[in-house]
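In short: position in the sequence shown from 1, add 1237, done, that's my numbering.
Below is one structure, written out as structure tokens, with a few remarks after it.
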Amino acid sequence: MNAQRKTINTPVSISGIGLHSGIYTTVELRPSSPSNGITFVRADLDGLRIPALQASTTALDYATTVGKDDVSVGTVEHLLSAVMACGITDVEVHIDGPEVPIVDGSALPFMHLIDAAGVRDLGTEIPLLRLRQPIEVVDGEKFIRMAPANRLVLKYKIDFSHPVIGRQSYNFDYHHDSFLKKIAPARTFGFVRDVEKMRAAGLARGGSVENCIVLDDEGVMNGPLRFRDEFVRHKILDLLGDLALIGRPIAGEITANRAGHALHSRFVAKVLEAASRAEDGLGEAAPPEPLFA
Ligand SMILES: [Zn+2]
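Structure, rendered in structure tokens:
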């Protein structure tokens, strides 16, 4: 089973502050030729190229960072989620600083940006990554499992002991239009009680009520929410963005429980490992192997 390789029609750009660095950057998406994949280009550093691949991952604290030779691009997941949702396989992401703008904390501004650029087929195909066997990664109560399937389904459960969040679950059947309406608008969130600790660690320096759902111990400080279950929807948004680091479209039924970027990353590593161990999951499912060889 293959997917069409796709890129955008025309360059488009967006600017804003980085959630963690507090640094203002401009991102320009540019059309790419097939087989280049999704690549970050540090426009301010002689065009240093960083492929959006698992192997480039350098940090996973509260956001996903990719890098090379001490140079990085942070908080890539919301942009990559929109790129994935639009079926884009090849695009150059030029950026003049260390972090993708957080904009409003969701993927909606990036969906609108890609919509403005237009998406076109590159005239070649890429095999979907499908595994024949279930795989899982576990960390205490947290886990991510994937069962074989012919399409991509993301199921997420979270459980925060907070009056507004509590237990939430959401099932997302991968589709551009439902992503646009139900997942893309879901914003990132943070707790006031963590802010000092995060800022001391160089995080959340650009975070504000404009780009993040801010929670105190009782409730939401900058309501209203866009969805009652906006929190779990945002986790699905993050997961789809982190799946982009596989480097090709994937099919499977993925169930995540109380996970985050670090476990997403371990899951992606396990998918890649399983795919490379056998020519296994790549392309059409191979005939079943004998139980005892
Ligand atoms: Zn996020």
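The C-beta atom is built at its ideal place from N, Cα and C for all residues, glycine as well.
Check, Outcome
"7 Å Cβ shell around ALA1423 - same chain, five flanking residues per side excluded", "SER1343, ARG1463, PHE1464, GLU1467, ARG1470, HIS1471, LEU1474"
"Helix, strand or coil at ILE1473 [DSSP, three-state]", "helix"
"Per DSSP, the bridge partner or partners of GLU1265", "SER1250, HIS1331"
"9 Å Cβ cutoff met for GLY1443 and ILE1254", "yes"
"Selected residue, minimal CA-CA separation from PHE1428, among VAL1451, ASP1410, ALA1437", "VAL1451"
"Distance CB(GLY1334)-CB(HIS1257) smaller than 9 Å", "no"
"ILE1450, DSSP secondary structure in three states", "strand"
"Buried or exposed (CB count within 10 angstroms, at least 16 for buried), LEU1388", "Note that residue 1388 is Arg in the sequence shown, not Leu. Per the 10 Å Cβ criterion, exposed."
"Contact under 9 Å by Cβ, VAL1264 with VAL1337", "yes"
"MET1458, enclosing alpha helix (DSSP H) - first and last residue", "Neither: MET1458 is in no alpha helix (DSSP H) and is coded neither H nor E."
"Alpha carbon of THR1537 to alpha carbon of GLY1360, nearest angstrom", "No answer is possible for residue 1537: the residues shown for the chain start at 1238 and end at 1530."
"Simplified DSSP assignment, three categories, for LYS1435", "Note that residue 1435 is Met in the sequence shown here, rather than Lys. The answer is helix: DSSP assigns MET1435 an H, G or I state."
"GLN1370 (DSSP reduced to helix, strand or coil)", "coil"
"Run of the alpha helix (DSSP H) containing GLU1510, from where it starts to where it stops", "1498-1514"
"CB of ILE1325 within 9 Å of CB of VAL1303, strictly", "no"
"Sheet register partners of PHE1380 (DSSP bridge)", "VAL1375, ASN1494"
"Cβ pair count under 8 Å reaching 3, the region 1388-1402 against the region 1504-1513", "no"
"beta-carbon GLU1314 near ligand 1 non-hydrogen atom, thresh 8 Å", "yes"
"Any 3 or more C-beta pairs closer than 8 Å across the region 1287-1297 and the region 1477-1485", "yes"
"Contact under 9 Å by Cβ, GLU1314 with THR1276", "no"
"Nearest-angstrom Cβ-Cβ length linking ILE1251 and VAL1356, presumed shorter than 8 Å", "At roughly 16 Å, the Cβ-Cβ gap does not stay under 8 Å, so ILE1251 and VAL1356 are not in contact."
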